[in-house]
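A short worksheet on the structure shown next.
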Amino acid sequence: MQRYHFHLNFLSSYVTDDDGTELPDLEAAKTEARQVIRDLAAEHLKGRREFTLHSIRICAENGDLLAAVPTSEALSEVIPPHIYKPSPPDSHV
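So the mapping is simple: our numbering equals the position in the sequence shown, first residue as 1, plus 60.
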């Protein structure tokens, strides 16, 4: 098991994960990051708060960046992009 650190990259701030989480491999860490993004998004939606998380950066114990999971990627797996992307006005209205 390796310890992965999940740093939250918000639009105007950066929150580091000093403790980290032990997981079997990087794929498991990416899966965990996607779930964290979804959980945080749900909390913000329920509280009617703006959600400004840009991505989660997954780092090794020594601080090396191993991967970044964009919020758009994590949410597009459960909410199709056409649902939340603005579309042109209907011409028949």
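The beta-carbon is built from N, C-alpha and C at its ideal position, and this holds for glycine as well.
Would you report the Cα separation of residue i and residue j, rounded to the nearest angstrom?
i: Phe-111; j: Leu-83; result: 27 Å
i: Leu-86; j: Asn-122; result: 15 Å
i: Tyr-74; j: Ile-116; result: 10 Å
i: Leu-68; j: Leu-100; result: 11 Å
i: Ile-118; j: Ala-88; result: 11 Å
i: Ser-72; j: Met-61; result: 33 Å
i: Pro-140; j: Ala-134; result: 11 Å
i: Phe-70; j: Ser-132; result: 13 Å
What are the start and end residues of the alpha helix (DSSP H) that includes residue i?
i: Arg-117; result: Element bounds for Arg-117: not the alpha helix (DSSP H) but the beta strand (DSSP E), 113-119.
i: Thr-91; result: 86-106
i: Leu-68; result: Element bounds for Leu-68: not the alpha helix (DSSP H) but the beta strand (DSSP E), 62-70.
i: Thr-131; result: 131-136
When you compare each of the options to residue i by their alpha carbons, which one comes out closest?
i: Tyr-64; options: Glu-137, Arg-109, Leu-100 and Ala-93; result: Ala-93
Span of the beta strand (DSSP E) holding residue i?
i: Leu-83; result: 81-83
Apply the 10 Å Cβ neighbour rule to residue i and answer buried if 16 or more other Cβ atoms are within range, or exposed otherwise.
i: Ile-97; result: buried
i: Val-138; result: exposed
i: Leu-113; result: buried
(request) Mind the definition here: the segment 96-106 touches the segment 71-82 only if three or more C-beta pairs lie below 8 Å; say whether that holds. (result) Flag = no, the segment 96-106 and the segment 71-82 do not touch.
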